[in-house]
Amino acid sequence: MIVAKDFLHLGSSASINKTLSRLTQEGKLLRVSRGAYVRPHEGRFGMRPPSTESVLQGIEASSGETVVAHGAAEANALGLTTQVPIREVFFTSGPSRTLHLGSRCVELKHGSRWQLLLGTRPAGQVIRALSWLGPEAAPAALEQLHSRLPEAEWKAVCGARDALPSWLAQLISIGVCRLSDEAEKRTREGLADVDAGRVVDQQMVEAWAASLSSDVPLSVPGLNQGGE
959 MIVAKDFLHL GSSASINKTL SRLTQEGKLL RVSRGAYVRP HEGRFGMRPP STESVLQGIE
1019 ASSGETVVAH GAAEANALGL TTQVPIREVF FTSGPSRTLH LGSRCVELKH GSRWQLLLGT
1079 RPAGQVIRAL SWLGPEAAPA ALEQLHSRLP EAEWKAVCGA RDALPSWLAQ LISIGVCRLS
1139 DEAEKRTREG LADVDAGRVV DQQMVEAWAA SLSSDVPLSV PGLNQGGE
């Protein structure tokens, strides 16, 4: 990503814009938005714009913005809908604008904090997909997703619920956080049973060791059933 303002130390704004405009006319640069340019790629059939992904990565690197996919694209990527978005739309922490990549238009919309909160990680994808699906379809989608994501991602979703719209926060509290709490409780109970078993095993070993150094017959509860 080439941004005009990054060259202001080399000359006036007018001269820099004139140079970039000349390079664009010569086909060496492609203007994607006001003051922003990219280098086109040369392919078998001539020059073509770079991929949307590489342009967005350039924007993030040059401006520090966070850019994530729209909920419709996330829902499709997660297999929650077969509907393929016609337009390329992304949420950004920066200003809203449209990028022109040849015949393609990529729309960047300024997103709310909660839409950007977890970035591109699976937990963030889930939140944006559920939000796009809405209160009617989101519960079934949440049930469909629950076994497909790692527990760490669901914990991240639960941790973000205070920042979410009320209906989505309530859905996640009931459909995710409660189940996660129950699973964690079962894990703790299982570990407690294991610890109790280790105590019994240790007692048996100590009793066996003591019997080797004495004439007292080994007697451990659970082993000497019925006696003599």
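For the sequence shown, this note's numbering gives the first residue as 959, with consecutive numbering after it.
Where a beta carbon is used, it is the ideal one built from N, C-alpha and C, also for glycine.
{"query": "Nearest-angstrom Cα separation, counted from Gly1016 out to Phe1048", "result": "14 Å"}
{"query": "Bounding residues of the alpha helix (DSSP H) (the contiguous stretch that carries Lys1113)", "result": "1109 to 1117"}
{"query": "Cross-strand partners of Lys1067 (DSSP beta bridge)", "result": "Phe1049"}
{"query": "Counterpart residues of His1058 in DSSP-defined beta bridges", "result": "Cys1063"}
{"query": "Bounding residues of the beta strand (DSSP E) (the contiguous stretch that carries Gly985)", "result": "Premise fails: Gly985 is in no beta strand (DSSP E) and is neither H nor E."}
{"query": "C-alpha gap between Thr1056 and Leu987, whole angstroms", "result": "18 Å"}
{"query": "Beta-carbon contacts of Leu978 that lie in its chain and below 7 Å, excluding the five residues immediately before and after", "result": "Ala962, Leu987, Tyr995"}
{"query": "Rounded separation between Pro1053 and His1068 - CA only", "result": "5 Å"}
{"query": "Rounded straight-line distance, which links the Cα of Ala1087 to that of Leu1103", "result": "11 Å"}
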